[in-house]
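These protein sequences, in sequence, are chains A and B. Heads up: the first sequence at position 24 corresponds to 24 in the working numbering, and the numbers run straight through without jumps. Heads up: the second sequence at position 93 corresponds to 208 in the working numbering, and the numbers run straight through without jumps. Each residue gets a CB set at the ideal place from its N, CA and C atoms; glycine is no exception.
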Amino acid sequence: DQQVKQNSPSLSVQEGRISILNCDYTNSMFDYFLWYKKYPAEGPTFLISISSIKDKNEDGRFTVFLNKSAKHLSLHIVPSQPGDSAVYFCAARGDGGTGRRALTFGSGTRLQVQP
Amino acid sequence: DGGITQSPKYLFRKEGQNVTLSCEQNLNHDAMYWYRQDPGQGLRLIYYSQIVNDFQKGDIAEGYSVSREKKESFPLTVTSAQKNPTAFYLCASSIDRGGSDTQYFGPGTRLTVL
């Protein structure tokens, strides 16, 4: 049972345009959401996060939007650059009262930014 | 220069042998985690530890064991009981003091069982 889903395995955009990566979740106990960027054979790099009490968080070219009623979050990258080409993982944290603070990850979306 | 180190980067073992993957952090983080990544999949939690001398099973703990004798170290042993051990293994750590709690990852170890 996938609690965090990234339904688009890949996305291709032109340099300078907006990239929108989507993520859906099913567990209403999740209280914190993160996006990570990952290159092959390397560890994920933290990009941006958002608490469940907010609906938007912005950091430079990266903005994360959270729609709690729809259990949906998205990552916007504007403008997209070739160096943004990587796999992006959505992750969620919520212990449901168990004390577990580990993350649940989506399956990732491979972004390719064309020069 | 703070960070998380994993060694080795690549590891080859014969089927039936136990192997231990190293993870060290000098970030003074309380919590440490082990994840596994398979091709085309997200990261799946193997074990995690929120404090020294304590650890909890994750979603796919069978065939793995860990120890947390020091705050800085969280080694993972892949035992012969693990049916499909070939994968990319990632270690992470976090402050784990509530609120915004970002996990930071090491570079990973690719284990191949021959």
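Straight-line gap, residue i to residue j (C-alpha atoms, nearest Å)
i	j	result
ASP216 of chain B	TYR163 of chain B	14 Å
PHE170 of chain B	PRO115 of chain A	46 Å
ARG110 of chain A	LEU158 of chain B	15 Å
GLU42 of chain A	ALA70 of chain A	32 Å
ILE210 of chain B	LYS172 of chain B	19 Å
LEU103 of chain A	GLN14 of chain A	31 Å
GLY22 of chain A	ASN141 of chain B	Correcting the residue type first, residue 22 of chain A is Asn in the shown sequence and not Gly. For ASN22 of chain A and ASN141 of chain B, the distance between alpha carbons rounds to 34 Å.
GLU187 of chain B	LYS68 of chain A	36 Å
GLU177 of chain B	GLN197 of chain B	7 Å
GLY60 of chain A	ARG17 of chain A	15 Å
ASN57 of chain A	ASN7 of chain A	22 Å
PHE62 of chain A	VAL193 of chain B	37 Å
ALA92 of chain A	ILE175 of chain B	18 Å
PHE189 of chain B	VAL181 of chain B	7 Å
LEU136 of chain B	SER195 of chain B	14 Å
ILE20 of chain A	ASN168 of chain B	42 Å
Where residue i falls: helix, strand or coil (DSSP)
i	result
ASP59 of chain A	strand
ASP84 of chain A	helix
ASN27 of chain A	coil
ASN7 of chain A	coil
LYS37 of chain A	strand
ARG17 of chain A	coil
ASN22 of chain A	strand
THR120 of chain B	strand
THR194 of chain B	coil
ILE53 of chain A	coil
GLU139 of chain B	strand
THR109 of chain A	strand
THR104 of chain A	strand
VAL134 of chain B	strand
DSSP beta-bridge partners of residue i
i	result
HIS144 of chain B	BP columns for HIS144 of chain B are empty, so no partner.
PHE203 of chain B	B:GLN152, B:ARG225
ILE73 of chain B	Residue 73 of chain B is absent from the model: chain B starts at 116 and stops at 229.
ARG159 of chain B	B:ARG151
LEU47 of chain A	Note: LEU47 of chain A sits in no beta bridge, so no partner.
LYS185 of chain B	B:SER188
ASN67 of chain A	A:HIS72
Contact with chain A by residue i, beta-carbon distance below 7 Å
i	result
LEU205 of chain B	yes
LEU108 of chain B	What is shown of chain B runs 116 to 229, which leaves residue 108 of chain B out entirely.
LEU160 of chain B	yes
GLN140 of chain B	no
TYR148 of chain B	yes
GLY157 of chain B	yes
Beta carbon proximity, residue i to chain B, threshold 7 Å
i	result
GLY60 of chain A	no
ASP102 of chain A	The amino acid occupying residue 102 of chain A in the given sequence is Ala; Asp does not appear at that position. At least one chain B Cβ lies under 7 Å of ALA102 of chain A.
SER107 of chain A	yes
Which residues, in chain order, does the segment 34-45 of chain A contribute to contact with chain B at a C-beta distance below 7 Å?
Per Cβ criterion, the list reads LEU34, ALA41, GLU42, GLY43, PRO44.
Taking only beta carbons into account, state which residues of the segment 215-228 of chain B come closer than 8 Å to chain A, listed in chain order.
Answer in chain order: SER215, ASP216, THR217, GLN218, TYR219, PHE220, GLY221, PRO222, GLY223, ARG225.
At a CB distance below 8 Å, what residues from the segment 164-188 of chain B approach chain A? Give them in sequence order.
Against chain A - using a Cβ distance shorter than 8 Å - the residues of the segment 164-188 of chain B are GLN165, GLN171, GLY173.
So if I threshold CB-CB distances at 9 Å, which residues from the segment 82-93 of chain A count as touching chain B?
Per Cβ criterion, the list reads PHE89, CYS90, ALA91, ARG93.
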